[in-house]
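Using this note's numbering, you'd call the opening residue of the sequence shown number 2 and step up by one each time. Even for Gly, the Cβ is constructed at its ideal location relative to N, Cα and C. As the structure is a computational prediction, the values presented were derived from the model and not from experiment. Reading through the structure tokens given below for one structure.
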Amino acid sequence: MKTTGKVTGIIANLVTVEVDGPVAQNEICFIDLDGVELMAEVIKVNGNKASVQVFESTRGLQIGDKVEFQGYMLEVTLGPGLLSSNFDGLQNNLATMEGVFLKRGEYTKALDEEKLWDFTPIAKAGDQVVAADWLGEVKEGWLPHKIMVPFNFKGTYTVKNVVAAGQYKITDTIATLTNAEGEEVKVTMMQKWPVKVAVGGYVEKPRNPIAEGGTGFIPGPFGCGKTVLQHALAEQADADIIIMAACGERANEVVEIFTEFPELKDKHTGRSLMERTIIICNTSNMPVAAREASVYTAMTLGEYYRAMGMKVLLLADSTSRWAQALREMSNRLEELPGQDGFPVDLSAIISNFYARAGYVKLNNGQSGSITFIGTVSPAGGNLKEPVTESTKKAARCFYGLSQNRADKKRYPAVDPVDSYSKYLEYPEIIEYLDSKIEKGWVDKVTKTKYIIRRGKDAYEQINILGDDGVPMSYHEQYWKSELVDFVILQQDAFDDIDGSTPLERQKFMLDLVLEICDRSFKFDNFEECTTYFKGLINICRQMNYSEYKSEQFEKYLGQLKEELKHE
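See below:
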């Protein structure tokens, strides 16, 4: 029998309910508002009083309204048909919802239960399986979608039978398993899993997280290119599945995602990028509780595809909105506030979420990964605010966007001095890069950053003392850092060649630039120094826009060598 209750207090979307039975943390309930069912989640239990956050507007809700608890947590539906879909934070399929605006209390099925899928069995009768093991597969577009033993199965099961290859609905039984007690359990292509519980069924194994299975975040003020950078990452990343979570963003930015993503071309296959993309959208005018649901829903879908042995890239824009939702609910619960009113456990919440990303080894020897990159929108571009500082503790890569670089149109506007990757400190990462690119590659990257930092110091001295008030070596240091900046750091995301640089080309261009930076030059005055390095930068930029080792590329390389002869 389900636990019921009645509303005893309302503060915006925080509702206090007096219950007549047991309820659990994170349990889902529905509040009856004149026949409209409003979904809510238990966030605090105190005796016979439960505080719930409502995922809908609570306008019109009254003291005494009835509440029914469901006995399960907020969960998502997992199965074929997720790709190319647009969901809200509660996994309502936006394509099947009525009207232009979302109606309060309207909930739709995430997957089409009538569509037939071509199923091919993988497991056979007599096999021993555990949660997340593969039973069969269907083609979801052109990607193989594994049908797995449900994640909530405990212990070892024996496969009694698997259906023959053919067309089936996601609700049809495709396998029958027997547990240790001899009880039979039927399995369909569809399963449900709570979003705030990490998907199990595999053993974790670290690998090369700087490229796969890593975590990073992109903080920066408004207008510095966070969204464009995420789109570029989605296009160019070596990933099988792209999941885009728009968490509390302005409606116009969410609309841009809906309109632009279907137009993006997959650089790896030439097909539409949307064919392997899932979009979870949540706008700033939706109740704040739905923001939290959207990021957890996105991560759970990512874990589902990771368990199939796929590489997943999860992009969240912006986790600041999620943190603001946590602050709002914490304040309404009258909890002790931390810095700037955020919850005192903000760092722990963010760290636990980031920890769900990573590279894993599956039970069958295959591997999968989730690479998570979130954006942070600090108020006024203040990178010392709590959300940025808390995320720094959890993420291993920090790509801080600079307003100054954005104003100068130096894109991507990632600050080369303040940004870092902690993965470059790991011995196994250094070893991997030594074998993949060349020995000492990390040292070259460190040297490049040192050149940039020295150039910045020289620029500050030139600004203070004037062009004629500093030694010529200061101008040379500055222009060598500009050479690194323009040729190595800056990229044109809208150019087919410069938008993505293979490792072989990166190595060649970095070696070329470092060779120039290692040279000593003799100039009579700073104008001569400026003119000379501007010429080198222009030639190198033309090389960046030319096909690697093409006739045009070699022509510009020849021009560069001629210029260097006259140093």
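Practice problem: Look at Phe102 and Ala132 and say whether their C-beta atoms are less than 8 Å apart. | Solution: Residue mapping note: residue 102 aligns to position 101 of the sequence shown, counting from 1. Residue mapping note: residue 132 aligns to position 131 of the sequence shown, counting from 1. Cβ atoms of Phe102 and Ala132: not closer than 8 Å.
Quiz prompt | Outcome for Glu548 when other beta-carbon atoms lying within 10 angstroms are tallied against a minimum of 16 | solution = The residue labelled residue 548 in the question sits at position 547 within the sequence shown. Exposed.
Exercise. Could you tell me which residues DSSP puts in a beta bridge with Asp119?
Key: Here residue 119 refers to the residue found at position 118 when the sequence shown is read from its first residue. Looking at the DSSP assignment, Asp119 forms a beta bridge with Gln168.
Exercise. Return the chain-ordered list of same chain residues with a C-beta closer than 7 Å to the C-beta of Pro207, the five sequence neighbours on each side being excluded.
Key: Along the sequence shown, read from residue 1 onward, the residue named residue 207 stands at position 206. In this prediction, Pro207 has a pLDDT of 32, which is less than 50 and means its spatial position is unreliable; what the coordinates show is noted afterwards. Taken in chain order, the residues that qualify are Tyr360.
Exercise. With DSSP collapsed to three states, give me the class of Ala126.
Key: As a position in the sequence shown, residue 126 is number 125, starting the count at 1. Here Ala126 sits in coil by DSSP.
Practice problem: Specify, as a first and last residue, the run of the beta strand (DSSP E) that Ser370 falls within. | Solution: To locate residue 370, count along the sequence shown from 1; it is residue 369. Looking at the DSSP string, the run of the beta strand (DSSP E) that includes Ser370 is Ser368 to Val377.
Practice problem: From the DSSP output, in three-state form, read off Met330 for me. | Solution: Working through the sequence shown from its first residue, we reach residue 330 at position 329. Residue state, collapsed to three classes: helix.
Self-check item: Inter-residue Cα distance where the pair is Ala356 and Asn539
Solution: As a working mapping, residue 356 is identified with position 355 in the sequence shown. As a working mapping, residue 539 is identified with position 538 in the sequence shown. Answer to the nearest angstrom: the Cα atoms are 44 Å apart.
Quiz prompt | Contact the region 62-69 vs the region 17-37: 3+ CB pairs below 8 Å | solution = yes
Self-check item: CA-to-CA distance, Gln54 to Ser370, given in whole angstroms
Solution: Locating residue 370 in the sequence shown gives position 369, where the first residue counts as 1. Locating residue 54 in the sequence shown gives position 53, where the first residue counts as 1. Computed Cα separation, rounded: 32 Å.
Quiz item: Which whole runs of the beta strand (DSSP E) in the region 215-285 are 3 residues long or more, in chain order?
Solution: 216-220, 242-250 and 278-284
Quiz item: Is it right to say Thr260 is buried, meaning 16 or more other beta carbons lie within 10 angstroms of its own, or is it exposed?
Solution: Stepping through the sequence shown from its first residue, residue 260 is reached at position 259. So Thr260 counts as exposed.
Quiz item: Roughly how far, in whole angstroms, is the beta-carbon of Ser352 from the beta-carbon of Ala395, given that I think they are within contact range, below 8 Å?
Solution: Taking the sequence shown and counting its residues from 1, one reaches residue 352 at position 351. Taking the sequence shown and counting its residues from 1, one reaches residue 395 at position 394. Sure, about 4 Å apart at Cβ, within 8 Å.
Exercise. Look at the alpha carbon of Met473 and the alpha carbon of Phe524, and state the distance between them as a whole number of angstroms.
Key: Counted from its first residue, the sequence shown places residue 473 at position 472. Counted from its first residue, the sequence shown places residue 524 at position 523. If I take the Cα positions, the gap works out to 7 Å.
Self-check item: Collapsed DSSP secondary structure at Gln507 in the structure displayed
Solution: Here residue 507 refers to the residue found at position 506 when the sequence shown is read from its first residue. Note: Gln507 maps to helix in three-state DSSP.
Quiz item: Are at least three pairs of beta-carbons, each pair with one atom in the region 332-349 and one in the region 277-285, less than 8 Å apart?
Solution: no
Quiz item: Ordered along the chain, which non-local residues of its own chain (more than five positions away) have a Cβ less than 7 Å from that of Asn180?
Solution: The residue given as residue 180 occupies position 179 in the sequence shown. Within the same chain, Asn180 has close Cβ partners Gly156, Tyr158 and Val186.
Quiz item: If you follow the beta strand (DSSP E) that Thr174 is part of, which residue opens it and which one closes it?
Solution: The residue labelled residue 174 in the question sits at position 173 within the sequence shown. It spans Thr174 to Thr179 - the beta strand (DSSP E) in which Thr174 sits, taken as one unbroken run.
Exercise. With distances taken Cα to Cα, identify the nearest neighbour of Lys312 among Thr301, Ile243, Ala124 and Val471.
Key: Residue 312 sits at position 311 when you count from the first residue of the sequence shown. Of the candidates Thr301, Ile243, Ala124 and Val471, the one whose C-alpha sits nearest the C-alpha of Lys312 is Ile243.
Exercise. Taking only the alpha-carbon atoms, compute the straight-line gap between Gly10 and Lys45 and give it to the nearest angstrom.
Key: Indexing the sequence shown from 1 puts residue 10 at position 9. Indexing the sequence shown from 1 puts residue 45 at position 44. Going from the Cα of Gly10 to the Cα of Lys45 covers about 14 Å.
Quiz prompt | For Glu529, the nearest candidate out of Glu477, Leu515 and Thr109 (CA to CA) | solution = Stepping through the sequence shown from its first residue, residue 529 is reached at position 528. Nearest option by C-alpha distance: Glu477.
Exercise. Starting from Asn539, trace the alpha helix (DSSP H) both ways and give me its first and last residue.
Key: Within the sequence shown, numbered from 1, the residue matching residue 539 stands at position 538. Residues Phe527 to Asn545.
Quiz item: What number of angstroms, rounded off, separates the C-alpha of Leu402 from the C-alpha of Gly221?
Solution: Walking along the sequence shown from the start, residue 402 turns up at place 401. Walking along the sequence shown from the start, residue 221 turns up at place 220. Cα-Cα distance, rounded: 5 Å.
Quiz item: DSSP three-state call for Trp480: helix, strand or coil?
Solution: The sequence position of residue 480 within the sequence shown is 479, counting from 1. Helix, per DSSP.
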